[in-house]
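Line by line, the protein sequences are chains A and B.
Whatever position you read off the first sequence (first residue = 1), add 1335 for the working numbering.
Whatever position you read off the second sequence (first residue = 1), add 1 for the working numbering.
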Amino acid sequence: SQQGEEDPQALSIQEGENATMNCSYKTSINNLQWYRQNSGRGLVHLILIRSNEREKHSGRLRVTLDTSKKSSSLLITASRAADTASYFCATPTGANSKLTFGKGITLSVRP
Amino acid sequence: GAGVSQSPSNKVTEKGKDVELRCDPISGHTALYWYRQRLGQGLEFLIYFQGNSAPDKSGLPSDRFSAERTGESVSTLTIQRTQQEDSAVYLCASSPQPNTGELFFGEGSRLTVL
């Protein structure tokens, strides 16, 4: 079963709107990461939030982490067509802390 | 180059053939990971290298899959007697040290087994 599960599975918004994506996980973590994947490409790291942090910002990205609910959200403000991609949350799991990824959210931003 | 390099970018093979996929990590990165991504799906962990040893190979789906790494450099993922269900994108990632967060991904090798 997936450690991280994102919702919604797909999101379609108009350029300029905000996009909110959620991730839930099952086990205790020391950090949670979000990645973006453009169609046919590899994954690109967006942001990492540690378990002792509640919120983190990077440009138009805002990530929150609620360890009591085992959930995180990724907010992209003032979306652009170039934000169209799949977004994945990932958490370190197991003895070697390998990253376990969710199934991803497909974001479409209409120009 | 500056990033993780994978080759071939695309490979079409016939069922039953062996394939080798190559990953050149970022220079100096000691940790290297292989993941598999089926169409429209998330990433499945396959194997993790620290240096040239593989402390975690728990994700390899069968004994047809194997991987090796030369020092802290190139890694090769080998799939023997390929099956149609092996069709996927195989992604390689590296990081400066294990457990330090960000992974740097290559563009992947798309494998199609006919």
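Ideal Cβ positions, reconstructed from N, Cα and C, are used throughout, including at glycine.
Classify residue i as helix, strand or coil using the three-state DSSP reduction.
i, result
"B:A94", "strand"
"A:D1342", "strand"
"B:Q7", "strand"
"B:A55", "strand"
"B:D64", "coil"
"A:A1417", "helix"
"B:Q42", "coil"
"B:E86", "helix"
"A:P1388", "The displayed chain sequence assigns Glu, not Pro, to residue 1388 of chain A. If DSSP states are grouped into helix, strand and coil, A:E1388 belongs with coil."
"A:S1336", "The predicted model places A:S1336 with a pLDDT of 42, which falls under 50 and marks its position as unreliable; any figure quoted below should be read in that light. The answer is coil: DSSP assigns A:S1336 none of H, G, I, E or B."
"B:Q81", "coil"
Contact check, residue i vs residue j under 8 Å by CB: the rounded distance?
i, j, result
"A:E1340", "A:G1429", "Rounded, the Cβ-Cβ distance is 17 Å, inconsistent with contact."
"B:Q38", "B:R23", "That pair is no contact at about 17 Å."
"B:Y91", "B:G102", "Going by Cβ atoms, the distance from B:Y91 to B:G102 rounds to 23 Å, so no, they are not a contact pair."
"B:L61", "B:L47", "6 Å"
Buried or exposed: residue i, going by 16 or more other Cβ atoms within 10 Å of its Cβ?
i, result
"A:S1374", "exposed"
"B:R111", "buried"
"B:Q42", "exposed"
"A:S1393", "exposed"
"A:P1427", "buried"
"A:T1419", "buried"
"A:K1404", "exposed"
"A:K1366", "Checking the sequence shown, residue 1366 of chain A turns out to be Asn, not Lys. So A:N1366 ends up on the buried side."
"B:G72", "exposed"
"B:D1", "No statement about residue 1 of chain B is possible, as the shown extent of chain B runs from 2 to 115 and does not include it."
"A:V1398", "buried"
Quick one: is the Cβ of residue i within less than 8 Å of any heavy atom of the ligand MG?
i, result
"B:S6", "Summarising the ligand content, the structure contains no ligands, and the ligand MG is consequently not present."
Contact the stretch 68 to 84 of chain B vs the stretch 5 to 17 of chain B: 3+ CB pairs below 8 Å:
At 8 Å Cβ cutoff, the stretches touch.
Answer yes if the stretch 1342 to 1359 of chain A comes into contact with the stretch 1408 to 1417 of chain A, meaning at least three C-beta pairs across the two stretches below 8 Å, and no otherwise.
Counting C-beta pairs with one atom in each stretch, the stretch 1408 to 1417 of chain A and the stretch 1342 to 1359 of chain A have three or more that are closer than 8 Å, which means they touch.
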